[in-house]
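Student: Numbering (this note's numbering), first residue to last: 138 to 539.
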Ligand SMILES: Nc1ncnc2c1ncn2[C@@H]1O[C@H](COP(=O)(O)OP(=O)(O)O)[C@@H](O)[C@H]1O
Ligand SMILES: O=C(OP(=O)(O)O)[C@H](O)COP(=O)(O)O
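1. To which residues of the same chain is residue 191 closer than 6 Å at the C-beta, ignoring the five residues directly before and after it?
2. Check whether the Cβ of residue 391 sits closer than 7 Å to any heavy atom of ligand 1, and report yes or no.
3. Can residue 203 be considered in contact with ligand 2, in the sense that its beta carbon sits closer than 7 Å to one or more heavy atoms?
4. Which value, in whole angstroms, describes the spacing of the CA atoms of residue 431 and residue 486?
5. Taking just the CA atoms, how far does residue 278 sit from residue 500?
6. Okay, do the stretch 410-417 and the stretch 435-442 touch, 3+ Cβ pairs below 8 Å being the bar?
7. Helix, strand or coil: how does DSSP classify residue 506 here?
8. Report all residues for which the CB-ligand distance to some heavy atom of ligand 2 is below 6 Å; order them along the chain.
9. Inspect the beta-carbon positions of residue 490 and residue 458 and report whether they are closer than 8 Å.
10. Three or more C-beta pairs closer than 8 Å, one from the stretch 313-327 and one from the stretch 522-533: is that the case here?
11. Mind checking whether residue 481 and residue 280 have CB atoms under 8 Å apart?
12. Please report the distance separating the alpha-carbon of residue 264 from that of residue 299.
13. In three-state DSSP terms, what is residue 356?
14. Of the residues 291, 253 and 273, which one's Cα is nearest the Cα of residue 260?
15. Indicate whether at least one CB of chain B lies closer than 8 Å to the CB of residue 492.
16. Just verifying my parser: in three-state terms, what is the DSSP assignment at residue 490?
17. Report whether the distance from the Cβ of residue 502 to the nearest heavy atom of ligand 1 is below 7 Å.
18. How many Å lie between residue 303 and residue 211 at the Cα?
19. In whole angstroms, give me the CA-to-CA distance for residue 564 and residue 464.
20. Quick check: the Cα distance between residue 176 and residue 314, rounded to an integer number of angstroms?
21. Residues in the same chain with beta-carbon distance under 8 Å from residue 494, minus the five sequence neighbours each way, listed in chain order, please.
22. Please state whether DSSP places residue 361 in a helix, a strand or coil.
23. Which of the three DSSP states, helix, strand or coil, is assigned to residue 407?
24. Going by the DSSP bridge assignment, what does residue 223 pair with across the sheet?
25. Roughly how many angstroms lie between the CA atoms of residue 384 and residue 378, to the nearest whole one?
26. To the nearest angstrom, how far is it from the Cα of residue 84 to the Cα of residue 160?
27. Taking 8 Å as the threshold (C-beta atoms), are residue 306 and residue 533 in contact?
28. Helix or strand or just coil, what does DSSP make of residue 398?
29. Measuring only the C-alpha atoms, how far is residue 477 from residue 227?
30. Confirm, please, whether the CB-CB distance from residue 184 to residue 141 is below 8 Å.
31. Are residue 294 and residue 258 touching if we call contact CB-CB under 8 Å?
32. Residue 399 and residue 347 - do their beta-carbons sit closer together than 8 Å?
33. Would you identify the three-state DSSP class for residue 330, choosing helix, strand or coil?
34. DSSP puts residue 459 in a beta bridge; with which residues?
35. With distances taken Cα to Cα, identify the nearest neighbour of residue 157 among 505, 251 and 420.
36. If you draw a straight line from the alpha carbon of residue 362 to that of residue 282, how long is it in whole angstroms?
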């Protein structure tokens, strides 16, 4: 490991901890999710270790409906940690400092949404962020800074990069496991076949992953909107926007040449769907072989069952499988066959596996699979794709400094 962890932390510290509690908000109610559960491990360990634990996190972006106070988050963290979590509606003013100073050993306090502090945003160099009043005011009240917010670590914001320059800095447990698992495809050697399942809605994610990992991955199994764009580049009559859709046309214009040259250069590694699924006239799932598609008359919402039958043995023969993006509109049960099929195959083998992307990993609990059957289920979206494409994460880089 290239940074210090909680194992290196001295005893009885005043610890400032950055979590990523950014969550969906529905009708003003913050929705519980994996992020709370995962971060609870770090928070519990610190509190039970007798440290004074002060938590920072953000929620939403200024101007958005989900840009709300962290008051509800405190209650959800408390439920997961199994300990009381105090909350103060202040980021670094007198109220926040009073609450921090009156904390006893083993107690936990959550500060207000970091993005309510003007200096948290925008993205700037760590040195600039370290120099803000926000960081300069808070840092002297602590002995150590712990960053557990791997999933936000691609942002060069004050709470993510500034404190690491002012205080001894450590990686929390989530930071450690996410970093190790998500970087493993780039850093680890696997004995057997390495397979990457790529889908979702963004063609550029798939292109970047192929360009960066093409020499590490034996087979790319494609699906989703991105897979349809590759099918179209291979000469099939799919991947067109019908009235009211805006998935394909812009992406096709922007990426057509790159996709065509990837198919040229890496065709042997790229497996495309041989059949696709659609909603038929009775609102049921219909399937058609790609070879039989002659008209652009309907949207395709999943890969077909023959495709799943072809992908399944490849996964079962793999030493390592990485997943980025769903193979279909899995939120609708009729179109979950592709995504659930590959996830099930992964869960039934003892290969090393990483499933990432906020949306795709949701399919695991949605369809009753057990997270324990996967090597690692990432809670990161943007940071995961950056790790796969070899881009450094600002919040991780500052932890690596002495
Ligand atoms: N053929 C399709 N048509 C419409 N939506 C699709 C299709 N295939 C995949 N999706 C959608 O893609 C979403 C995931 O895309 P993306 O955001 O790229 O991945 P992730 O969130 O896993 O990183 C899923 O919510 C799924 O509904
Ligand atoms: O949820 C997050 O990222 P994700 O949507 O890529 O998973 C992080 O909290 C970063 O949030 P941001 O994209 O508003 O900076």
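Heads up, the beta-carbon is just placed ideally off N, CA and C, and yes, glycines get one too.
Tutor: Straight from the coordinates:
1. Looking up residue 191 in the chain shown gives position 54. 153, 237 and 246.
2. The count along the chain shown starts at 1 and reaches residue 391 at position 254. Residue 391: no, Cβ never under 7 Å from ligand 1.
3. As a first step, residue 203 must be located in the chain shown, where it is residue number 66. No.
4. Translated into the one-based positions of the chain shown, residue 431 becomes position 294. Translated into the one-based positions of the chain shown, residue 486 becomes position 349. Rounded to whole angstroms, the gap between the alpha carbons of residue 431 and residue 486 is 38 Å.
5. Position 363 of the chain shown holds residue 500. Position 141 of the chain shown holds residue 278. When the Cα atoms are used, residue 500 and residue 278 turn out to be separated by approximately 42 Å.
6. With the cut-off at 8 Å, the stretch 410-417 and the stretch 435-442 touch.
7. For this step, residue 506 is matched to residue 369 along the chain shown. In the three-state DSSP reduction, residue 506 falls in the coil class, being neither helix nor strand.
8. In chain order, the qualifying residues are 157, 159, 198, 288, 289, 292, 495, 517, 518 and 519.
9. The residue labelled residue 490 in the question sits at position 353 within the chain shown. The residue labelled residue 458 in the question sits at position 321 within the chain shown. Contact flag set, yes.
10. A contact between stretches requires three or more CB pairs, one per stretch, nearer than 8 Å, and the stretch 313-327 meets this requirement with the stretch 522-533.
11. Residue numbering aside, residue 481 sits at position 344 when the chain shown is read from its first letter. Residue numbering aside, residue 280 sits at position 143 when the chain shown is read from its first letter. Their beta carbons are not under 8 Å apart, which means residue 481 does not touch residue 280 by this criterion.
12. The residue you call residue 264 lines up with position 127 of the chain shown. The residue you call residue 299 lines up with position 162 of the chain shown. Spanning the two alpha carbons is a distance of roughly 7 Å.
13. Translated into the one-based positions of the chain shown, residue 356 becomes position 219. Looking at residue 356 - three-state DSSP - the assignment turns out to be strand.
14. Indexing the chain shown from 1 puts residue 260 at position 123. When 291, 253 and 273 are compared, the shortest CA-CA separation from residue 260 is found for 291.
15. Going by chain labels, chain B is absent from the structure shown, which holds only one protein chain.
16. The residue you call residue 490 lines up with position 353 of the chain shown. In the three-state DSSP reduction, residue 490 falls in the strand class (E or B).
17. Taking the chain shown and counting its residues from 1, the one referred to as residue 502 is at position 365. Because no heavy atom of ligand 1 lies under 7 Å away, the Cβ of residue 502 does not count as near it: no.
18. Along the chain shown, read from residue 1 onward, the residue named residue 303 stands at position 166. Along the chain shown, read from residue 1 onward, the residue named residue 211 stands at position 74. Answer to the nearest angstrom: the Cα atoms are 26 Å apart.
19. There is no way to answer for residue 564, as the model of the chain reaches only from 138 to 539.
20. Sequence index remark: in the chain shown, residue 176 carries index 39 (1-based). Sequence index remark: in the chain shown, residue 314 carries index 177 (1-based). Answer to the nearest angstrom: the Cα atoms are 11 Å apart.
21. Residue mapping note: residue 494 aligns to position 357 of the chain shown, counting from 1. Excluding positions up to five away in sequence, the list reads 337, 460, 461, 462, 463, 515, 518, 521 and 522.
22. The residue labelled residue 361 in the question sits at position 224 within the chain shown. If DSSP states are grouped into helix, strand and coil, residue 361 belongs with the helices.
23. Sequence index remark: in the chain shown, residue 407 carries index 270 (1-based). For residue 407, the three-state secondary structure derived from DSSP is strand.
24. Along the chain shown, read from residue 1 onward, the residue named residue 223 stands at position 86. Residue 223 is bridged to 246.
25. Taking the first residue of the chain shown as position 1, residue 384 is located at position 247. Taking the first residue of the chain shown as position 1, residue 378 is located at position 241. Taking the straight line from one Cα to the other gives about 6 Å.
26. Residue 84 lies beyond the stretch modelled for the chain, which goes from 138 to 539, so this question has no answer here.
27. Along the chain shown, read from residue 1 onward, the residue named residue 533 stands at position 396. Along the chain shown, read from residue 1 onward, the residue named residue 306 stands at position 169. Against a cut-off of 8 Å, the Cβ pair of residue 306 and residue 533 comes out as no contact.
28. Translated into the one-based positions of the chain shown, residue 398 becomes position 261. Three-state result, residue 398: helix.
29. Indexing the chain shown from 1 puts residue 477 at position 340. Indexing the chain shown from 1 puts residue 227 at position 90. About 43 Å.
30. Start at 1 with the first residue of the chain shown, and residue 141 comes out as number 4. Start at 1 with the first residue of the chain shown, and residue 184 comes out as number 47. Against a cut-off of 8 Å, the Cβ pair of residue 184 and residue 141 comes out as no contact.
31. The residue given as residue 294 occupies position 157 in the chain shown. The residue given as residue 258 occupies position 121 in the chain shown. In this structure, residue 258 lies closer than 8 Å to residue 294 by Cβ.
32. Here residue 347 corresponds to residue number 210 of the chain shown, with the count starting at 1. Here residue 399 corresponds to residue number 262 of the chain shown, with the count starting at 1. Contact flag set, yes.
33. Taking the chain shown and counting its residues from 1, one reaches residue 330 at position 193. When DSSP states are grouped into helix, strand and coil, residue 330 belongs to the strand group.
34. As a working mapping, residue 459 is identified with position 322 in the chain shown. Per DSSP, 333 and 491.
35. As a working note, residue 157 is residue 20 in the chain shown. For residue 157, the closest of 505, 251 and 420 by C-alpha to C-alpha distance is 251.
36. Mapped onto the chain shown, residue 362 falls at position 225. Mapped onto the chain shown, residue 282 falls at position 145. Distance between the alpha carbons of residue 362 and residue 282: 41 Å.
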